[in-house]
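Participant: Here it is, the structure in full.
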Amino acid sequence: MVQIIQAKNVTLRTLIDDFGIHLVEDPTFFPEWKQNLPEVSNLETQQLDRIRAGFVNLLDYAPLLEGVIRMSVVDPLLFLVGFYLSPFHVRSEPSIEIQTEDEGTIITGSLDTLVLKDRLWVLVVESKRASYSVEAGLAQILADMLASPNPEQPCYGMITSGGSFMFVKLVKGNPPQYAVSKLFGIREPEDLATVFAILKRFGQLVE
43 MVQIIQAKNV TLRTLIDDFG IHLVEDPTFF PEWKQNLPEV SNLETQQLDR
93 IRAGFVNLLD YAPLLEGVIR MSVVDPLLFL VGFYLSPFHV RSEPSIEIQT
143 EDEGTIITGS LDTLVLKDRL WVLVVESKRA SYSVEAGLAQ ILADMLASPN
193 PEQPCYGMIT SGGSFMFVKL VKGNPPQYAV SKLFGIREPE DLATVFAILK
243 RFGQLVE
């Protein structure tokens, strides 16, 4: 019997049991979030300061739902990084579907934001309510990333609650492997600059 699960309801246990996905804690598996990060200019720092100030201001008008987080934090970051410019383009909420080899489990759903270049999934962004831990989005973003049409290429993702950020790398294979970065906070100017630099680095990896 085929089991159909919405991506938003998937759990890590589901991905482990049905797809064999597992966490890699070896730091050499995911060096991209720490090594060879591009510099952040003074102008970019000023713009990041405005993004941070805007988010902090919005906290006075809670609750912050996903749409507001995307509009105030995620979209400005993607724009500043250059993911709205060629050779990249952004799609919002495309549908995805993945299934196990024996077709016993099918996961369906939609992505919050998908950045594409030549059909390569560069970045998947899963924004959650500001009151949620970014860990709440880990299983969903991994399920989304498993749907990448380019199994030979690593897939990178970012989960954000607006106030916190975490990066994910997935390597599809048998079995799929993933790793996560440290947690970054928007209230720390250096953290937000690092988040921005990591996004720029991901863009460079496929240029």
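As numbered in this note's numbering, residues 43 to 249 make up the sequence shown, in order.
Here a beta-carbon is modelled for each residue, glycine too, at the ideal position from N, C-alpha and C.
#1: For G227 and S206, what's the separation of their Cα atoms in angstroms?
#2: For my contact list, L100 and S114 are in at a C-beta cut-off of 8 angstroms; report their separation, rounded to the angstrom.
#3: Return helix, strand or coil for S114, following the three-state DSSP convention.
#4: Going by C-alpha to C-alpha distance, which of V248, T56, W75, L54 sits closest to V210?
#5: Go ahead and pull the three-state DSSP assignment for L90.
#6: Hey, V116 and V157: beta-carbon distance below 8 angstroms or not?
#7: Hey, out of I111, P218, G245, G204, whose CA is closest to D233's CA?
#8: Given this structure, state the Cα-to-Cα distance separating G96 from S175, to the nearest angstrom.
#9: In the DSSP output, what is V242 paired with across the bridge?
#10: Check Y126 in the structure and name its three-state DSSP category.
Facilitator: Put simply:
#1: Distance between the alpha carbons of G227 and S206: 5 angstroms.
#2: Indeed, because the Cβ distance is near 6 angstroms, the residues count as touching under 8 angstroms.
#3: Looking at S114 - three-state DSSP - the assignment turns out to be helix.
#4: Checked all of V248, T56, W75, L54; the closest Cα to V210 is W75.
#5: Three-state DSSP puts L90 in a helix.
#6: No Cβ-Cβ contact shorter than 8 angstroms links V116 with V157.
#7: When only C-alpha atoms are compared, the closest one is G204.
#8: Cα to Cα, G96 sits roughly 20 angstroms from S175.
#9: The sequence given here places Lys at residue 242; Val does not occur at that position. K242 pairs with nothing; no bridge assigned.
#10: Coil, per DSSP.
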